[in-house]
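Protein chains in written order, with the numbering used here: chain A, 1 to 185; chain B, 1 to 185.
We treat Cβ as the ideally placed atom computed from N, Cα and C, and that holds for glycine.
Every value quoted in this text rests on a predicted model; they were computed, and no experiment measured them.
There are 2 protein chains.
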Amino acid sequence: MSVRSLCLAILSFGEATGYEIRKESTTGRFSYFEDASFGSIYPALARLETDGLVTVREEHKDGKPTRKVYAITDAGREKFLEDLIEPQAPDSFKSPFLLVALYAEQVGPEAISKAIENRRIQIQNSLDSLTIHNTQSSHAGSNWTREYGIACMTFNLNYLESHAEALLNIARGAHSTSPAVAAAE
Amino acid sequence: MSVRSLCLAILSFGEATGYEIRKESTTGRFSYFEDASFGSIYPALARLETDGLVTVREEHKDGKPTRKVYAITDAGREKFLEDLIEPQAPDSFKSPFLLVALYAEQVGPEAISKAIENRRIQIQNSLDSLTIHNTQSSHAGSNWTREYGIACMTFNLNYLESHAEALLNIARGAHSTSPAVAAAE
DNA sequence: GGACACATGTAATCGGTTACATGATTAC
DNA sequence: GTAATCATGTAACCGATTACATGTGTCC
Chain A
1 MSVRSLCLAI
11 LSFGEATGYE
21 IRKESTTGRF
31 SYFEDASFGS
41 IYPALARLET
51 DGLVTVREEH
61 KDGKPTRKVY
71 AITDAGREKF
81 LEDLIEPQAP
91 DSFKSPFLLV
101 ALYAEQVGPE
111 AISKAIENRR
121 IQIQNSLDSL
131 TIHNTQSSHA
141 GSNWTREYGI
151 ACMTFNLNYL
161 ESHAEALLNI
171 ARGAHSTSPA
181 VAAAE
Chain B
1 MSVRSLCLAI
11 LSFGEATGYE
21 IRKESTTGRF
31 SYFEDASFGS
41 IYPALARLET
51 DGLVTVREEH
61 KDGKPTRKVY
71 AITDAGREKF
81 LEDLIEPQAP
91 DSFKSPFLLV
101 ALYAEQVGPE
111 AISKAIENRR
121 IQIQNSLDSL
131 TIHNTQSSHA
141 GSNWTREYGI
151 ACMTFNLNYL
161 ESHAEALLNI
171 ARGAHSTSPA
181 VAAAE
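If you want it as structure tokens, here you go:
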């Protein structure tokens, strides 16, 4: 999914500024589709406008910086649905945590312990932002996907907590940190 | 994670050619870390060699194309562990499937039905390649991560199957495909 | 007085993909 | 005979990140 499509996806829920689109993409409902930075969003919006897929309106409020509020057009909606339906790329799960876990014996118990804790906090944060922010909205698709996300993350967290000790033992197994143990071998 | 690190990660399990590294990265144990293409792997290996992090050995077998077998050096191992321990990027789950689901009402029941089926097959395939290929290896880290992957994917598959109907109903709700229903409204 | 949220944009750079170029072997 | 697998590599291109540049309002 490109930043272009991401903008259309977010705008199809309502008007937004570049700044807001970025926030939606890093936290909130769109976090599991794409992360985008300002450097990619602003040029993308500009191009979408010249292509007639979105419109802009400048908002001047006294004392506040000028906002450029974008809105999707009919052509934009059509283009977005096209992109959506065409052959789906497979879902992907990229896990730096599992990579560290794979090398548990090499990195040792301290690093593993830190990695597990980081991962726990990550999942907890995602979970919090999914639960707190809108328990039951009127949009059915949002509810379904949110519940899916919550279910998977909750499972993930429980699994991690109940198997953390096993991973720590693997890390402790080969990589002795204590000189006494090393001497005894 | 860069392709460079990916190569070191795979080579730290044993020698391999560029071709084999690519296979490992798209299927098998390393599939949830990074996908890499030839166009990035070969240059990465060349640079790793000039940096002294890997060594090459050319294998000429009669009738077979020349293979360049790469092996990691001590400096390579060190560098890899360094990269591994330093502040972890968060895990990310990118889901084109959930994106379609979010717009269930717009895309309609046929597209949703197809998307669900695709996703089911995807999960099943990943699950198969994790279970079949090495039930219990001697490497503890591999076992732990494999079991983690299997657990999460199994949960995912079950959840998907038990909530597919609800999603289909959302898709049917707004987007009536039958003219009779449309007329009755 | 400083940090943080709001707000937009550009330029240098980089990492990676795609397509191209080549060629042998094996299985159907 | 043709498709698939093995095998390596380059060049054009592209999309996105990072850092830079600028400025206001608000809260502590």
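Within the segment 110-131 of chain A, those residues whose Cβ lies closer than 8 angstroms to any Cβ of chain B are, in chain order, 111, 115, 118, 119 and 122. Around the CB of residue 38 of chain A, fewer than 16 other CB atoms lie within 10 Å, so the residue is classed as exposed. Scanning its chain for C-beta atoms nearer than 6 angstroms, with the 5 sequence neighbours on each side dropped, one finds around residue 116 of chain A the residues 164, in chain order.
Looking at the DSSP output, residue 92 of chain A sits in a beta bridge with B:94.
In this structure, residue 1 of chain B lies near residue 94 of chain A, with their beta-carbon atoms less than 9 angstroms apart. 84, 85, 87, 88, 89, 90, 91, 92, 93 and 94: these are the residues of the segment 83-94 of chain A whose beta carbon lies less than 9 angstroms from some beta carbon of chain B, given in chain order. Within the DSSP secondary-structure output, residue 72 of chain A pairs in a beta bridge with A:54. The C-beta of residue 27 of chain B comes no closer than 9 angstroms to any C-beta of chain A. In this structure, DSSP gives residue 36 of chain B a state outside helix and strand, which the three-state scheme calls coil. Within the segment 52-86 of chain A, the residues whose Cβ lies closer than 9 angstroms to some Cβ of chain B are 77, 80, 81, 84 and 85, listed in chain order. Going by C-alpha positions, residue 97 of chain B is about 16 angstroms away from residue 25 of chain A.
The beta carbon of residue 111 of chain B lies closer than 8 angstroms to those of 100 and 171 in the same chain, with the five residues before and after it left out. Taking a 10 Å sphere around the C-beta of residue 75 of chain A, we find fewer than 16 other C-beta atoms and assign the residue as exposed. Partner residues in a beta bridge of residue 49 of chain A, as assigned by DSSP, do not exist. By alpha-carbon distance to residue 80 of chain A, the top candidate from A:5, A:156 and A:158 is A:5. Per DSSP, the unbroken alpha helix (DSSP H) holding residue 116 of chain B starts and ends at 104-131. No Cβ-Cβ contact shorter than 9 angstroms links residue 64 of chain B with residue 57 of chain B. For residue 20 of chain B, the uninterrupted alpha helix (DSSP H) segment begins and ends at 18-26.
Nearest Cα to residue 151 of chain B within the set A:156, A:52, A:148 and A:48: A:156.
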